[in-house]
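Below is one structure, written out as structure tokens; the observations come after it.
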Amino acid sequence: MRQLVAAIRKEMLLQWRTRAQIAAIFIFGATAMLLFSFAIGPNSSALRLHAPGFLWLGLLLSSTLALSESFQLETEQKGLEGLLLLPSSPRALYYAKAIANLVQLSILGAALIPVMIVLYDVAVTWNLLWVCGVIVLGSAGLSAPGTIYSAMASQARAKQTLLPLLLFPLVVPVLLASVKATSLLIEGDPMGQLRSWVTLVTSFDLIYWSLCGLVFGRVVED
Amino acid sequence: MADPLFENTGSESRPTVAFALVAIGLATMLYGSYVGLFVAPPEKFMGEVYRILFVHVPTAWNALLALTFAFASALMFLFKGDWRWDARLEAGIEFGVVLSFLLCCQGAIWAKPTWGVWWDWDPRLTTTAVLLAAFLGILALRKFVDDPVKRATWSSVATVIAYVDVPIVYFSVKWWNSLHQMQSNPNTVSPEFHLPLRMNAIGLLLLLIGLITLRTRIAKMRLREELAPPLPAPSAAVDYATGGGR
Chain A
183 MRQLVAAIRK
193 EMLLQWRTRA
203 QIAAIFIFGA
213 TAMLLFSFAI
223 GPNSSALRLH
233 APGFLWLGLL
243 LSSTLALSES
253 FQLETEQKGL
263 EGLLLLPSSP
273 RALYYAKAIA
283 NLVQLSILGA
293 ALIPVMIVLY
303 DVAVTWNLLW
313 VCGVIVLGSA
323 GLSAPGTIYS
333 AMASQARAKQ
343 TLLPLLLFPL
353 VVPVLLASVK
363 ATSLLIEGDP
373 MGQLRSWVTL
383 VTSFDLIYWS
393 LCGLVFGRVV
403 ED
Chain B
51 MADPLFENTG
61 SESRPTVAFA
71 LVAIGLATML
81 YGSYVGLFVA
91 PPEKFMGEVY
101 RILFVHVPTA
111 WNALLALTFA
121 FASALMFLFK
131 GDWRWDARLE
141 AGIEFGVVLS
151 FLLCCQGAIW
161 AKPTWGVWWD
171 WDPRLTTTAV
181 LLAAFLGILA
191 LRKFVDDPVK
201 RATWSSVATV
211 IAYVDVPIVY
221 FSVKWWNSLH
231 QMQSNPNTVS
241 PEFHLPLRMN
251 AIGLLLLLIG
261 LITLRTRIAK
271 MRLREELAPP
281 LPAPSAAVDY
291 ATGGGR
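Respectively, the protein sequence lines represent chains A and B.
Note that the first sequence covers residues 183 to 404 in the working numbering.
Note that the second sequence covers residues 51 to 296 in the working numbering.
Shown next, in the form of structure tokens:
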């Protein structure tokens, strides 16, 4: 546990020192959301209807930039090998990275909510905290497999192509469940479907946070 | 003890059984397709269009079998570290991807006259497309990693991660939208359709086993080259030959 706390501290310090990069990723996400409006046209009711989907697509596209940078510092100057020589478990390294990515993506998702409200004219009659809760759950679903794939892609050729190629098909359930849950929170849930979607994304999170933690050692040690 | 990868067995030097399986599989499929196309009667509601099921359903079963074989090979490699399982993993993923692609194409060909669209977001169709994309990503990973140790471990880990996702994708898309034909079983399929369906399924299975065996053999040969220790440099060889080495 002490190893995990120390690793998280290191990751959060790195995140803080590279905060300009998070701002750049936010601008990328906001620009993507602006471009989605051009695909639909200036039809405000259609834009409002698809707003949750655009929010999540913006976050998903931004997540590839954020996640691909996740192991950049460690691969430069063989830092990862140095970390593995320390008397700490690779699992602690993985969970620290995944938690740092989760925090970064959650902040990014929360920052994209005002962009969604302004660009797609979404009426704010819903509980912001609940939507943020869904963003945290969805971000957890992106960061668990995203962190392990980022560790692989950072040491492979064509790393910028490889990460989305591996990650996007895998996170289809997260995207579906998060879009539906956000949509139900914003537009209302007369049929009581929200619980099913939240359960789905939570189950995905539990499965992949456990599985990826188990196999991460093999990815970095071999 | 020598690595089993470097042991040359008799079956590997002459893959007669694999070629025989391919030939028997092709002949069985040819007969099954003949019965399906010319002997089986038209279906009550779909008419002639239904005949694609004689290749579509066997393709679906065998695609899932090939990917399950890849998943089992990935687990075996991770637990045992035997290189032969990495060669099997490579073969399993490649044929799983080919069959999944064929499955999507056949589904689209069947959907157009039946549902009026080439593509619909039904759970099985969408799950197959997601599965195809996920395993294509793993094939790309194998191509982009040069170190055989990293390539084998990472693709095994990625296969386990992707395979675990299959039921989750299926259920998420099922909740999202559903249109596909209800799953059939021998009680819901007319007896005249059993023979061509079973012949094609068995034929494709034999073909798949034969092709996976041959592809595994090629992958093993490549692995032997990649993992073999480097030969001494030509100058050093001359020195040893003349007894003038340093």
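We put the beta carbon where it would ideally sit given N, CA and C, even for glycine.
- Close CB contacts of A:Phe253 within its chain, under the 6 Å cut and outside five residues either way in sequence, are with Ser332, Ala333, Ser336 (chain order).
- The beta carbon of A:Pro272 lies closer than 8 Å to those of Leu266, Phe398, Gly399, Val402, Glu403 in the same chain, with the five residues before and after it left out.
- Excluding sequence positions up to five before and after A:Leu242, its CB lies within less than 8 Å of the CB of Leu324, Phe350, Val353, Leu357, all in the same chain and listed in chain order.
- At a cut-off of 7 Å between C-beta atoms, B:Gly187 counts as an interface residue with respect to chain A.
- Among the bridge pairs identified by DSSP, B:Glu93 is matched with B:Gly97.
- For A:Arg339, a Cβ of chain B is located within less than 7 Å of the residue's own Cβ.
- Taking C-alpha positions only, B:Ile102 is separated from B:Gln156 by approximately 7 Å.
- In chain order, Ile317, Val318, Ser321 place their CB closer than 7 Å to the CB of A:Ser288, counting only its own chain and leaving out the 5 sequence neighbours on each side.
- DSSP assignment within the region 165-224 of chain B yields the following whole alpha helix (DSSP H) runs of 4 residues or more, N-terminal first: 173-194.
- A residue is called buried once 16 or more other Cβ atoms fall within 10 Å of its Cβ, and A:Asn225, having fewer, is exposed.
- With a minimum length of 3 residues, there is no unbroken run of beta strand (DSSP E) contained wholly in the region 279-312 of chain A.
- Linking A:Leu249 to A:Leu396 through their CA atoms gives a straight-line distance of about 20 Å.
- For A:Met215 against A:Leu310, the beta-carbon gap comes to about 18 Å, at or over 8 Å, which does not count as contact.
- Per DSSP, the unbroken alpha helix (DSSP H) holding A:Lys192 starts and ends at 184-199.
- Residues of chain A whose Cβ lies closer than 7 Å to the Cβ of B:Lys224 do not exist, since the nearest Cβ in that chain is about 11 Å away.
- Not a single C-beta of chain A is nearer than 7 Å to the C-beta of B:Thr178.
- Where B:Phe243 is concerned, the enclosing alpha helix (DSSP H) starts and stops at 241-277.
- Rounded to whole angstroms, B:Pro173 and A:Glu256 show a C-alpha spacing of 40 Å.
- Following the DSSP letters along the chain, one finds B:Val107 inside the alpha helix (DSSP H) bounded by residues 103-130.
- The DSSP-derived three-state label of B:Pro163 is helix.
- Residue contact check for A:Phe218 against chain B: no CB pair falls below 7 Å.
- Minimum Cα-Cα distance from B:Phe145 among the listed residues B:Leu273, B:Thr263, B:Trp169 corresponds to B:Thr263.
- If you look at A:Pro372, you'll find it isn't in any alpha helix (DSSP H); DSSP assigns it neither H nor E.
- Within 10 angstroms of the beta-carbon of A:Asp387 lie 16 or more other beta-carbons, which makes it buried.
- Collapsing the DSSP output to three states places A:Phe386 in a helix.
- The C-alpha of A:Thr246 is placed about 7 Å away from the C-alpha of A:Leu345.
- For B:Ala70, the nearest beta carbon of chain A is not closer than 7 Å to its own beta carbon.
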